[in-house]
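From first to last, the protein sequence lines are chains A and B. For the first sequence, position 77 matches number 166 in our numbering, and the numbering has no gaps at all. For the second sequence, position 77 matches number 322 in our numbering, and the numbering has no gaps at all. Below: one structure, written as structure tokens.
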Amino acid sequence: MATAARDGGASTSARAPWRDALRRFARHRLAMTGAGLVALLVFTAVFGRAVAPYDPLAMDFTARFAPPSLAHPFGTDDFGRDVLSRILYGARISLQVAFIAVGLSGTAGVALGLAAGYLGGWIDELVMRFMDVLFAFPAVLLAITVMAVLGRGVGNAMIAIAIVYVPIFARVTRGAVLSVRAREYVTAARALGSRSHRVMLGHVLPNAVGPIIVQTSLSLAFAILAEAALSFFGLGTQPPDPSWGRMLSEGRGFLRQAPWMGIFPGLAIMVSVLGFNFLGDGLRDLLDPRTRRR
Amino acid sequence: MSIRYLLRRLATLLLVLLGVSIVAFSVQPLLPGSAARVRLGVQATDEAVAALEARMGLDRPLVVQYLDWAGGMVLRGDFGDSMVTGTPIRDEIVRRVPATVGLAFAALLVGLAIALPLGILSALKPGGKRDLGASIFSQIGVSIPDFWMGILFILLFAETLGWLPSSGYAPLSAGLGAWASHLVLPALTAGLISGSIMTRFVRSAMLEVLGMDYVRTAHAKGVAARRVLTKHVLRNAAISVVTIIGLQMATLLSSIVVIEIIFAWPGLGQLALNATLQRDYPVLQASVLMAAVAFTVVNLLTDLSYVLLDPSVEVA
């Protein structure tokens, strides 16, 4: 009440939709579960090295293939390295790749989709046909092809994943922009003489942001999977860095001898992806007026 | 379907295929250093590299190289030779396409066998126990890495139980039993993931039809629930399901790249990855191009089948 009185009525009404959205978010079980899992992942990525019981790169040949125990809850690998510590450290690599790749693809895809949807005409045709071409490649094959050109390594994996997801962001943004472009406030802004880039950034984009947020969350999930897949194939993170996909690939050679080497990294990938998927689906429920429950 | 619509879609397809071929061709010119250097190694002399470039035609303008490459494929079905084995790429692709297509169809069948009953049952009682179960299955299926699921299946069914071979491929000519036993695990892996995605689509397609006025009217008229389901709901939901099958077929081609590698399945995906690891760029170009063409054609066929089943789409 006091805050409302200080800020005045206009500010209160401007904040109300956000407060309403937060309240609905807090009540949405799926979104909250997703947010919890993502928060856990972020915590692990930031503090993983500090909380890891061992150095993820430290080898101990006396403890090779040790099964899960109190000393090594997830066992050890063929070099005697602690699997739990490597998983905790690997969270940082997975999340880093996912955020940077999705950041890059989101920025490029949103810019292209915004321009195509708002400006229309030949720009729309040109941009969307190019996106169609990129879309025509199966995602994993496109990423492998980009890696073939750029070379192996975690930085190039980020670029490869980003290229794969640009068309998705462009399509989602264009669709959202098309539905906003014809609204009265956009027409009014144009009639008042606002320049195209001002209308796009000031009026169209903020109102088309819902589907983009949802897509970002879902793309983060796919980016984690894609990074793991590229590292699994030996194209992404290179040894001795502990990426989850790389760990799975190493564990594959010792399935009978040390199944934990393959089971736990896969579980880590699945839980992280599940978190972003839950969050994305929850956000879609909350932001999509057709599915929103009032 | 009007001829005009069909021609427009075919023109778009050709345009996209042209773009796809340019992107696939670009792999070689974009490489740091030439393909001849890759082939001869870093210690080769500049003269030797230049001579090989001339022999490979890499010293010609890019447009000429592209036209020669694309023309050879379109007019003569000639994809060039592998830089590693020296054998014609066409023979390798012809040998591998049946393996990829066979696996994709088998996985699609597994996916449909899961998604149709599960999607229908969950839509009939939204919010119920079956719906919750289907939702959990679907969420886990979408989130599970396909290569991990493949590893777990190998661990369980091949390494521990010894029921099925852990990897490899047997052609039909080797006998139905051998063929099927090699197919089960890769098809199950790809099919379960595909089924989890399709379950969501089938459920939402069913829910949409269940909410239609004609379904409510049929119920109000006292038509038996089973009859409403078979005569009205399933028939109309089938239109969306056909689209889902088409879209899934296209998505499956992507997922199968990974599955092929896990199970040493000799398809196009394995060919592309091996080509990348061995830096055999002509093979990579050809396999990626083939996969993209298949992906694009399947997408077009899906769109056309949708128009055939629901003419209002064309108008829209």
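From the three backbone atoms N, C-alpha and C, an ideal C-beta is built for every residue, glycine too. What you are looking at is a predicted structure, and each value in this text was computed from that prediction instead of being measured.
query                                                                                                                                            : result
Contacts around residue 361 (chain B), its chain only, beta-carbon distance under 7 Å, and the 5 residues preceding and following it disregarded : 447
Any chain E beta carbon closer than 8 Å to residue 221 (chain A)                                                                                 : No chain E is part of this structure, whose protein chains are labelled A and B.
Below-8 Å beta-carbon distance, residue 435 (chain B) vs any chain A residue                                                                     : no
Three-state secondary structure (DSSP) of residue 165 (chain A)                                                                                  : strand
Rounded separation between residue 236 (chain A) and residue 345 (chain A) - CA only                                                             : 32 Å
Nearest neighbour of residue 228 (chain A), chosen from B:547, B:530, B:371 and B:540 [CA to CA]                                                 : B:540
Reference residue 442 (chain B); option with closest CA among B:253, B:292 and B:380                                                             : B:380
Short CB-CB distance (under 8 Å) between residue 499 (chain B) and chain A                                                                       : yes
Spatial neighbours of residue 82 (chain A) in its chain, beta-carbon cut-off 7 Å, leaving aside the 5 residues before and after                  : Because residue 82 (chain A) is not part of the residues shown, which for chain A are 90 to 383, the question remains open.
Segment contact flag, the stretch 333–350 of chain B with the stretch 450–462 of chain B, C-beta cutoff 8 Å, min 3 pairs                         : no
Beta bridge counterpart(s) of residue 326 (chain B) as assigned by DSSP                                                                          : B:333
Buried or exposed by the 16-neighbour rule on C-beta atoms within 10 Å, applied to residue 265 (chain B)                                         : buried
Positions along the stretch 226–239 of chain A whose CB lies within less than 7 Å of some CB in chain B                                          : 226, 227, 228, 229, 230, 233, 234, 236, 237 and 238
Short CB-CB distance (under 8 Å) between residue 489 (chain B) and chain A                                                                       : no
Contained alpha helix (DSSP H) runs [length at least 4] in the stretch 115–202 of chain A, N- to C-terminal order                                : 118–140
Entirely enclosed alpha helix (DSSP H) segments - the stretch 242–271 of chain A, minimum 4 residues                                             : 243–270
Residues of its chain near residue 240 (chain A), where Cβ-Cβ distance is below 7 Å and the 5 sequence neighbours each way are ignored           : none
Integer-rounded CB distance, given that residue 493 (chain B) should sit under 8 Å from residue 439 (chain B)                                    : 5 Å
Sequence-distant residues of the same chain with beta carbon closer than 8 Å to residue 293 (chain B), five excluded per side                    : 285
Distance between residue 355 (chain A) and residue 357 (chain B) (C-alpha atoms, nearest Å)                                                      : 26 Å
Cα-Cα separation between residue 298 (chain B) and residue 279 (chain B), rounded to whole angstroms                                             : 8 Å
The stretch 361–375 of chain A in contact with the stretch 106–124 of chain A per 3-pair CB rule at 8 Å                                          : yes
Residue 372 (chain A) in three-state terms, based on DSSP                                                                                        : helix
Candidates B:427, B:370, B:477 and B:462: closest to residue 398 (chain B) by CA position                                                        : B:427
Nearest-angstrom Cα separation, counted from residue 220 (chain A) out to residue 291 (chain B)                                                  : 39 Å
Limits of the unbroken alpha helix (DSSP H) element including residue 304 (chain B)                                                              : Looking at the DSSP string, residue 304 (chain B) is not in any alpha helix (DSSP H), and its letter there is neither H nor E.
Coarse secondary structure for residue 370 (chain B), derived from DSSP in three states                                                          : coil
Minimum Cβ-Cβ distance from residue 206 (chain A) to chain B less than 8 Å                                                                       : no
Test: residue 561 (chain B) CB closer than 8 Å to a CB of chain A                                                                                : Here the model assigns residue 561 (chain B) a pLDDT of 47, short of 50, so the residue's position is not dependable, and the following value carries that caveat. No, residue 561 (chain B) does not count as interfacial toward chain A.
Status (buried if at least 16 other CB within 10 Å, exposed otherwise) for residue 462 (chain B)                                                 : exposed
Pair within 8 Å by beta-carbon distance, residue 208 (chain A) and residue 259 (chain A)                                                         : no
Three or more C-beta pairs below 8 Å linking the stretch 495–510 of chain B and the stretch 463–470 of chain B                                   : no
The alpha helix (DSSP H) enclosing residue 302 (chain A), as first and last residue numbers                                                      : 298–321
Residue 246 (chain A) Cβ short of 7 Å to the ligand SAM heavy atom set                                                                           : As presented, the structure is devoid of all ligands, the ligand SAM included, so that no description of it is given.
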